[in-house]
Amino acid sequence: VPQRFIRAEKGNIEAARTRYHDTLAWRAKHKIDTILNEPFPNFSSIKQNYLHYHHLRGFNGELCYYEILGKTNIAALRKKCGLSIDRLLRYYTLVCEFTWEVLAKSDENARSIYIMDLSGIQPWDFAGEVIDFVRKASAITSDHYPERLEAMYLVNVPSWFGAIWKVVKPMMDDNTRSKLFVFSKRDKKGFLKALGTKVPQQNIPPEYGGESMPLGQSPEEELFASLMARNNAMSSRH
3 VPQRFIRAEK GNIEAARTRY HDTLAWRAKH KIDTILNEPF PNFSSIKQNY LHYHHLRGFN
63 GELCYYEILG KTNIAALRKK CGLSIDRLLR YYTLVCEFTW EVLAKSDENA RSIYIMDLSG
123 IQPWDFAGEV IDFVRKASAI TSDHYPERLE AMYLVNVPSW FGAIWKVVKP MMDDNTRSKL
183 FVFSKRDKKG FLKALGTKVP QQNIPPEYGG ESMPLGQSPE EELFASLMAR NNAMSSRH
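Quick note on our numbering: the sequence shown kicks off at 3 and runs consecutively.
(1) Does the stretch 98-111 come within contact of the stretch 39-51, defined as at least 3 CB pairs closer than 8 Å?
(2) Would you decide whether Gly-60 is buried or exposed? Buried here means 16 or more other CB atoms lie within 10 Å of its CB.
(3) Name the DSSP bridge partner or partners of Asp-119?
(4) Report the residue from Val-97, Leu-182, Pro-207, Tyr-55 whose alpha carbon sits nearest the alpha carbon of Ala-139.
(5) Output the boundary residues of the alpha helix (DSSP H) element that contains Leu-96.
(6) Any idea what DSSP makes of Tyr-147, helix, strand or coil?
(7) Could you name the residues of the same chain whose beta carbon sits closer than 7 Å to that of Asp-127, not counting the 5 residues immediately before and after it, in chain order?
(8) Could you check where the beta strand (DSSP E) with Tyr-55 kicks off and where it finishes?
(9) Can you tell which of Glu-69, Asp-35, Pro-216 has its C-alpha closest to the C-alpha of Ser-114?
(10) Would Arg-19 pass as a contact of Pro-148 if the rule is Cβ separation under 8 Å?
(11) In terms of alpha-carbon separation, which member of Phe-193, Asp-24, Arg-137, Asn-205 lies closest to Met-174?
(12) State the Cα-Cα distance for the pair Ser-237 and Ala-231, rounded to the nearest angstrom.
(13) Over what stretch of residues does the beta strand (DSSP E) that includes Phe-183 continue unbroken?
(14) Should the stretch 179-191 be called in touch with the stretch 140-160, which here means at least 3 C-beta pairs below 8 Å?
(15) Spell out the partners DSSP gives Ser-114 in its beta bridges.
(16) Could you compute how far the alpha carbon of Ile-87 sits from the alpha carbon of Leu-71?
(17) So, is Arg-179 buried or exposed, given that buried needs 16 or more other C-beta atoms within 10 angstroms?
(18) CB of Tyr-147 to nearest heavy atom of the ligand SAH: below 7 Å?
(19) Within 10 angstroms of its Cβ, does Asn-205 collect 16 or more other Cβ (buried), or is it exposed?
(20) Quick check: Leu-242 and Leu-90, are their CB atoms within less than 8 Å of each other?
(21) How is Met-236 classed by DSSP in three states: helix, strand or coil?
(22) Leaving aside the five residues before and after Met-118 along the sequence, list all residues of the same chain whose C-beta is less than 6 Å from its C-beta, in chain order.
(23) Select from Pro-41, Val-3, Ile-34, Thr-36 the residue whose C-alpha is nearest the C-alpha of His-23.
(24) Is the beta carbon of Phe-100 closer than 8 Å to that of Asn-234?
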């Protein structure tokens with residue numbers, strides 16, 4: 003049983019073994035081991051309407067991942083591409099596999115720094131498809147990719163988010179809550195300072211006050227785009 007699963011179950015070996023076997027069964031049922039070969043012909047539309055980026059590394063080699071939740075347009079993906087929530091979750095799982103199998107090279111000790119940008123999000127989104135997707139995607143990562151999080155930052159948080167946060171926060175376990183940091187739209191400097199303790203300035207994108215290339219132009223994004231282009235090209239030949 004990988005140590006990550008044992009840590010996730012706070013040292014309970016039997017619980018860790020059960021959880022790991024559940025993950026192996028999930029991987030077999032959903033053919034996760036071959037998901038990195040699957041095509042997504044609407045890849046460009048997904049990237050335009052679901053803004054997510056792998057972007058360089060932290061001081062200790064952590065993989066940095068940015069998601070701009072307020073600008074995720076699931077309605078457009080459904081209407082323009084015929085992409086259901088289930089299909090988008092399949093794509094999300096492919097992103098997870100790319101993160102840990104390709105970028106992290108299957109390193110069991112690899113971790114991520116996750117930045118979730120809430121700019122543009124509205125109160126009604128918390129009863130809609132975007133949050134439904136986030137909830138189901140979070141379940142995939144917590145169930146099957148445990149103990150991968152180094153730190154998570156919620157940024158550009160609107161003033162009304164406090165009421166929702168009071169409901170959400172108690173649902174989190176202590177370990178996750180201790181790694182989560184929240185910054186309002188007015189506290190951009192505070193966020194940059196906090197992120198700067200985990201990520202070098204030259205690896206932080208300019209959208210957040212850093213000195214790297216913009217989001218979407220990192221070597222990780224180029225590698226991911228080339229993988230999907232290969233998959234789609236191979237699919238079109240068959």
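All C-beta atoms in this analysis are idealised placements derived from N, C-alpha and C, irrespective of residue type, glycine included. Quantities reported herein were computed from a predicted structural model and do not represent experimental measurements.
Put simply:
(1) no
(2) buried
(3) Ile-70, Val-157
(4) Val-97
(5) 87-99
(6) coil
(7) Ile-133
(8) 54-59
(9) Glu-69
(10) no
(11) Arg-137
(12) 10 Å
(13) 182-186
(14) yes
(15) Leu-65, Leu-151
(16) 15 Å
(17) exposed
(18) In terms of ligand content, the structure shown is empty, and the ligand SAH therefore cannot be addressed.
(19) buried
(20) The chain is shown from 3 up to 240; residue 242 falls before or after that span and cannot be answered.
(21) helix
(22) Glu-69, Leu-71, Leu-156
(23) Val-3
(24) no
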